[in-house]
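*Asks:*
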Amino acid sequence: MVDTVRRTGRDETEEERADRMWGELIQEIRVAQTGVQILFGFLLTVVFTPKYAHLAHTDKVIYIVTVVLGSCATGALIGPVSLHRLVSGRRIKPQAVRIASRLTFVGLVLLLTTMTAALLLVLRVATHDDWVPWLVTGVVAWYLVCWFGVPLWTRLRYTTK
160 MVDTVRRTGR DETEEERADR MWGELIQEIR VAQTGVQILF GFLLTVVFTP
210 KYAHLAHTDK VIYIVTVVLG SCATGALIGP VSLHRLVSGR RIKPQAVRIA
260 SRLTFVGLVL LLTTMTAALL LVLRVATHDD WVPWLVTGVV AWYLVCWFGV
310 PLWTRLRYTT K
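So for the sequence shown, our numbering puts the first residue at 160; every next one is plus one.
#1: I'd like to check one pair, L203 with T225: are the Cβ atoms closer than 8 Å?
#2: Quick one: using the 10 Å Cβ neighbour count with 16 as the cut-off for buried, is R166 buried or exposed?
#3: Leaving out the 5 sequence neighbours to the left and right, which residues in its chain are closer than 7 Å to V246 when beta-carbon positions are compared?
#4: Throw me the rounded Cβ distance for the W306 and L271 pair, which I believe falls under 8 Å.
#5: Taking Cβ positions, are A259 and L242 nearer each other than 8 Å?
#6: According to DSSP, simplified to helix, strand and coil, what is V265?
#7: Distance, Cα to Cα, G229 vs G248?
#8: Cα separation between R138 and H287?
#9: Would you mind reading off the limits of the alpha helix (DSSP H) that contains W181?
#10: What do you get for Y317, buried or exposed, if any count of 16 or more other CB atoms within 10 angstroms of its CB means buried?
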């Protein structure tokens with residue numbers, strides 16, 4: 160007779176679960192950190208280019224906001240590494256995983272806003288067209304679908320919690 164009982168979870172302790180979740184979180188952070196660090200590094204160089212002096216006031220404001228957002232995103236996405244280093248061995252990994260997960264989420268939201276502002280700035284400077292805000296809005300909608308819509312739909316569709 161075949162056992163038809165479906166498993167609903169893993170047989171792991173809270174500490175084992177925290178170890179597994181930490182490993183998964185760090186892998187996710189590596190992807191986001193690479194993107195935000197490349198974008199932030201590029202943004203830091205823009206002010207030193209000759210074209211920066213000729214930007215309109217609005218474009219300079221967008222640039223400054225973008226750099227600040229990029230800096231904040233970098234901090235939030237590197238924060239979990241520092242958190243882990245400072246609390247390692249203190250037997251609080253489940254709590255550290257929850258805090259690091261929240262920092263990562265905040266970092267992703269800040270990365271989304273950084274990418275939005277950077278795209279707005281680049282398209283404004285490159286085209287000076289009235290349709291730029293509409294294009295940026297479309298791209299942001301795509302980011303929202305990919306980063307939050309599909310994962311939330313998947314969560315709702317395939318989990319019972």
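All residues carry an ideal CB built from backbone N, CA and C; glycine is no exception.
*Replies:* Working from what's here:
#1: no
#2: Low per-residue confidence applies at R166: pLDDT is 49, beneath 50, and the placement is therefore not dependable, though the value from the model is reported in the following sentence. That one is exposed.
#3: A255
#4: 7 Å
#5: yes
#6: helix
#7: 31 Å
#8: The chain is shown only over 160 to 320; residue 138 falls outside these bounds and no answer can be derived.
#9: E173 to V205
#10: exposed
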